[in-house]
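So the protein lines, in turn, are chains A and B. Using the working numbering, the letters of the first sequence correspond one by one to residues 70 to 273. Using the working numbering, the letters of the second sequence correspond one by one to residues 141 to 431. From the three backbone atoms N, C-alpha and C, an ideal C-beta is built for every residue, glycine too. Have a look at the structure below before the remarks.
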Amino acid sequence: MAHRVLAPPVDQAQVRALRVGDTVTLEGTLYGIRDATLIHLFDRGRATRFDLAGHAVLHTAPNVRRVEKSAAHPAGYVPVCIGTTTSDRMERFTRPLMTRYGVRLIVGKGGLREGSAAAFRELGGAYLAVVGGAAALETTWIEAIEDVDMDDLHPESLWKFRVRGFGPLLVAMDSRGASLYADVKAAAAARRAEVLAGLGIRAK
Amino acid sequence: MKVDLADVEEVAKELYRRALKRLPPDVERGIETLAAAETHPGARRVLATLVENIRVAQATDNLLCQDTGIPIYRVRIGRRVEVDGPGLAAAIRRGCARSTREYAFRSSIVHPITRANEQTSCGPRVPVIEFDFTEREEELEIEMIPKGSGSENNSWLKMAVPADGVEAIKTFVVDCVLEAGPKTCPPTIVGVGVGGTADLCVHLAKVAATRALGTRCEDPEGARLEEDLTRAVNRLGIGPQGLGGDATAFAVHVELAATHITMNPVAVNMQCHSARRARAVLRPGGVEYGF
Numbered sequence: 070m071a072h073r074v075l076a077p078p079v080d081q082a083q084v085r086a087l088r089v090g091d092t093v094t095l096e097g098t099l100y101g102i103r104d105a106t107l108i109h110l111f112d113r114g115r116a117t118r119f120d121l122a123g124h125a126v127l128h129t130a131p132n133v134r135r136v137e138k139s140a141a142h143p144a145g146y147v148p149v150c151i152g153t154t155t156s157d158r159m160e161r162f163t164r165p166l167m168t169r170y171g172v173r174l175i176v177g178k179g180g181l182r183e184g185s186a187a188a189f190r191e192l193g194g195a196y197l198a199v200v201g202g203a204a205a206l207e208t209t210w211i212e213a214i215e216d217v218d219m220d221d222l223h224p225e226s227l228w229k230f231r232v233r234g235f236g237p238l239l240v241a242m243d244s245r246g247a248s249l250y251a252d253v254k255a256a257a258a259a260r261r262a263e264v265l266a267g268l269g270i271r272a273k
Numbered sequence: 141m142k143v144d145l146a147d148v149e150e151v152a153k154e155l156y157r158r159a160l161k162r163l164p165p166d167v168e169r170g171i172e173t174l175a176a177a178e179t180h181p182g183a184r185r186v187l188a189t190l191v192e193n194i195r196v197a198q199a200t201d202n203l204l205c206q207d208t209g210i211p212i213y214r215v216r217i218g219r220r221v222e223v224d225g226p227g228l229a230a231a232i233r234r235g236c237a238r239s240t241r242e243y244a245f246r247s248s249i250v251h252p253i254t255r256a257n258e259q260t261s262c263g264p265r266v267p268v269i270e271f272d273f274t275e276r277e278e279e280l281e282i283e284m285i286p287k288g289s290g291s292e293n294n295s296w297l298k299m300a301v302p303a304d305g306v307e308a309i310k311t312f313v314v315d316c317v318l319e320a321g322p323k324t325c326p327p328t329i330v331g332v333g334v335g336g337t338a339d340l341c342v343h344l345a346k347v348a349a350t351r352a353l354g355t356r357c358e359d360p361e362g363a364r365l366e367e368d369l370t371r372a373v374n375r376l377g378i379g380p381q382g383l384g385g386d387a388t389a390f391a392v393h394v395e396l397a398a399t400h401i402t403m404n405p406v407a408v409n410m411q412c413h414s415a416r417r418a419r420a421v422l423r424p425g426g427v428e429y430g431f
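Structure below.
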């Protein structure tokens, strides 16, 4: 169980060194994406001007306040509350994010499924788990909103955050195909019959 | 008591802010209780982070969770309250939109087909506004729930039949908790509706999911079901954030209604660990805020 500090962009070797159970703290750049961002990128033929190669993307849609653009707020937005949303809805976008844009790390909560695990294994990626619903804390790890693209989808825009000490995040899916979520799900399913028996029910 | 709609608008605005920023004490205690009992080391770390988040939200006067939810307002009107009903609903809607704009809350509400976001937390039939009555005389109570989508997306209805018995209800709840797994931000309050019509059954599940921790179903059979199912789902090992552990649910809450001789409906609606709610009571003397 190692702890690593990563400052994206990262290369494939750095990501392949991560193992489930390790922890990671991110420094520097973190991109924010959401359902609508991904639907527009991959289903509606849009493209972003951002270079996501080797980067980490966070499943989020932030609360922000609009301000005058300045050196401190280059995108004209101040973070109000930035947290993490359920990743599962965006499962089918993991592979295209990696193949088309070169994304290496997905930061989310609640995990992704087998398709993403296979993409991580084949292409060299990993899933880093934030504690969902702890957004007040997560917001303290965000220094600034550096840039924003596709802001017509606000708040589901493509956000470029500058982060400091973003973590510790738990490596919950790694490039060997390991997934804590799959392990917990299998163990829980294996207990189903016993739990139902405790309720006086014979499992079907 | 005659209700001033300007007061209602202010209260609706203030309730959204309060609900997003301050967890009810019963939920805060619930997290601490689970943390004290948790045996899984990873789960203990997750629960400690939730406790830390509550502290940070207070210290920085920030929202607990970034999900501003679907705003729900529940209005309960006392016996001797005089109010312009349509005006009351409009005032709540205005307060909700003002809260969103003035406090820079994320508008999480879109048209279901065009997906257009008005950036006001409002849209067709949203905020959800429910009206009911209270026995109290000169009181107008408004409860506000910002219902997060991670948990709301995990909602189910099963129209079981009488031959399936109460066993179908129990099995369904266990299977829903398994299906939800990590997606609902456990530990959760598992809201279960039993009986009624299809829509009433789902509504009861929501009422159950948003009830204060430590409260029990008024029906003794429902209360017994709550105890049995709370024990059962916490033996699945899903744990906080679905990363394994003892604390899968704070509790299973049940609300029930009579049903038809041919029916046996059961619904599940989940509430994440950020079980936010705020309450205001308007009386002739002024407004009192609570949870």
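Is there a Cβ from chain A that is less than 8 Å from the Cβ of residue i?
{"i": "residue 322 of chain B", "result": "yes"}
{"i": "residue 206 of chain B", "result": "yes"}
{"i": "residue 411 of chain B", "result": "no"}
{"i": "residue 314 of chain B", "result": "yes"}
{"i": "residue 202 of chain B", "result": "yes"}
{"i": "residue 404 of chain B", "result": "no"}
{"i": "residue 346 of chain B", "result": "no"}
{"i": "residue 287 of chain B", "result": "no"}
{"i": "residue 384 of chain B", "result": "yes"}
{"i": "residue 246 of chain B", "result": "yes"}
{"i": "residue 255 of chain B", "result": "yes"}
{"i": "residue 304 of chain B", "result": "no"}
{"i": "residue 364 of chain B", "result": "no"}
{"i": "residue 376 of chain B", "result": "yes"}
{"i": "residue 197 of chain B", "result": "yes"}
Could you give the DSSP three-state label for residue i: helix, strand or coil?
{"i": "residue 301 of chain B", "result": "coil"}
{"i": "residue 390 of chain B", "result": "strand"}
{"i": "residue 82 of chain B", "result": "Residue 82 of chain B lies beyond the range of chain B shown here (141 to 431); nothing can be said about it."}
{"i": "residue 180 of chain B", "result": "coil"}
{"i": "residue 341 of chain B", "result": "helix"}
{"i": "residue 172 of chain A", "result": "coil"}
{"i": "residue 263 of chain A", "result": "helix"}
{"i": "residue 254 of chain A", "result": "helix"}
{"i": "residue 193 of chain B", "result": "helix"}
Within the continuous alpha helix (DSSP H) that includes residue i, where are the two ends?
{"i": "residue 267 of chain B", "result": "Careful: residue 267 of chain B lies outside any alpha helix (DSSP H) and carries neither H nor E."}
{"i": "residue 365 of chain B", "result": "360 to 373"}
{"i": "residue 290 of chain B", "result": "289 to 292"}
{"i": "residue 151 of chain B", "result": "145 to 161"}
{"i": "residue 72 of chain A", "result": "Residue 72 of chain A -> not in any alpha helix (DSSP H); beta strand (DSSP E) instead, spanning 72 to 75."}
{"i": "residue 233 of chain B", "result": "225 to 242"}
Distance, Cα to Cα, residue i vs residue j?
{"i": "residue 197 of chain A", "j": "residue 166 of chain B", "result": "31 Å"}
{"i": "residue 110 of chain B", "j": "residue 257 of chain A", "result": "In the structure as shown, chain B begins at 141 and stops at 431. Residue 110 of chain B is therefore absent and cannot be evaluated."}
{"i": "residue 315 of chain B", "j": "residue 376 of chain B", "result": "10 Å"}
{"i": "residue 187 of chain B", "j": "residue 252 of chain B", "result": "35 Å"}
{"i": "residue 304 of chain B", "j": "residue 401 of chain B", "result": "13 Å"}
{"i": "residue 203 of chain A", "j": "residue 181 of chain A", "result": "19 Å"}
{"i": "residue 224 of chain B", "j": "residue 231 of chain B", "result": "10 Å"}
{"i": "residue 251 of chain A", "j": "residue 206 of chain B", "result": "26 Å"}
{"i": "residue 158 of chain A", "j": "residue 248 of chain B", "result": "16 Å"}
{"i": "residue 254 of chain A", "j": "residue 260 of chain A", "result": "10 Å"}
{"i": "residue 218 of chain B", "j": "residue 280 of chain B", "result": "6 Å"}
{"i": "residue 145 of chain B", "j": "residue 226 of chain B", "result": "10 Å"}
{"i": "residue 275 of chain B", "j": "residue 246 of chain B", "result": "36 Å"}
{"i": "residue 240 of chain B", "j": "residue 147 of chain A", "result": "15 Å"}
{"i": "residue 386 of chain B", "j": "residue 345 of chain B", "result": "24 Å"}
{"i": "residue 351 of chain B", "j": "residue 210 of chain B", "result": "17 Å"}
{"i": "residue 160 of chain A", "j": "residue 185 of chain A", "result": "7 Å"}
{"i": "residue 73 of chain A", "j": "residue 241 of chain A", "result": "14 Å"}
{"i": "residue 178 of chain A", "j": "residue 301 of chain B", "result": "37 Å"}
{"i": "residue 220 of chain A", "j": "residue 232 of chain A", "result": "20 Å"}
Give a yes or no on whether 8 Å exceeds the smallest Cβ distance from residue i to chain B.
{"i": "residue 234 of chain A", "result": "no"}
{"i": "residue 250 of chain A", "result": "yes"}
{"i": "residue 163 of chain A", "result": "no"}
{"i": "residue 157 of chain A", "result": "yes"}
Taking the continuous beta strand (DSSP E) assigned at residue i, which residues delimit it?
{"i": "residue 142 of chain A", "result": "Neither: residue 142 of chain A is in no beta strand (DSSP E) and is coded neither H nor E."}
{"i": "residue 333 of chain B", "result": "328 to 334"}
{"i": "residue 209 of chain A", "result": "Unbroken run through residue 209 of chain A: none, as it is neither H nor E."}
{"i": "residue 97 of chain A", "result": "92 to 102"}
{"i": "residue 78 of chain A", "result": "Per DSSP, residue 78 of chain A belongs to no beta strand (DSSP E) and is neither H nor E."}
Would you please verify whether the beta carbon of residue i is less than 8 Å from any beta carbon of chain E?
{"i": "residue 265 of chain A", "result": "Among the protein chains in the structure shown, which are A and B, there is no chain E."}
So does the stretch 385 to 398 of chain B actually touch the stretch 325 to 345 of chain B, counting three or more Cβ pairs closer than 8 Å?
yes
Segment contact, 8 Å Cβ cut-off, at least three pairs: the stretch 283 to 295 of chain B with the stretch 142 to 152 of chain A
no
Mind the definition here: the stretch 146 to 162 of chain A touches the stretch 123 to 132 of chain A only if three or more C-beta pairs lie below 8 Å; say whether that holds.
yes
Would you call the stretch 216 to 231 of chain A in contact with the stretch 95 to 104 of chain A, where contact means no fewer than 3 C-beta pairs closer than 8 Å?
yes
Cβ contact (3+ pairs, closer than 8 Å) linking the stretch 234 to 244 of chain A and the stretch 168 to 178 of chain B
no
Check whether the stretch 256 to 263 of chain B touches the stretch 234 to 247 of chain B, taking contact to mean three or more Cβ pairs, one atom from each stretch, closer than 8 Å.
yes
Check whether the stretch 200 to 214 of chain A touches the stretch 147 to 158 of chain B, counting contact only when three or more Cβ pairs, one atom from each stretch, lie closer than 8 Å.
no
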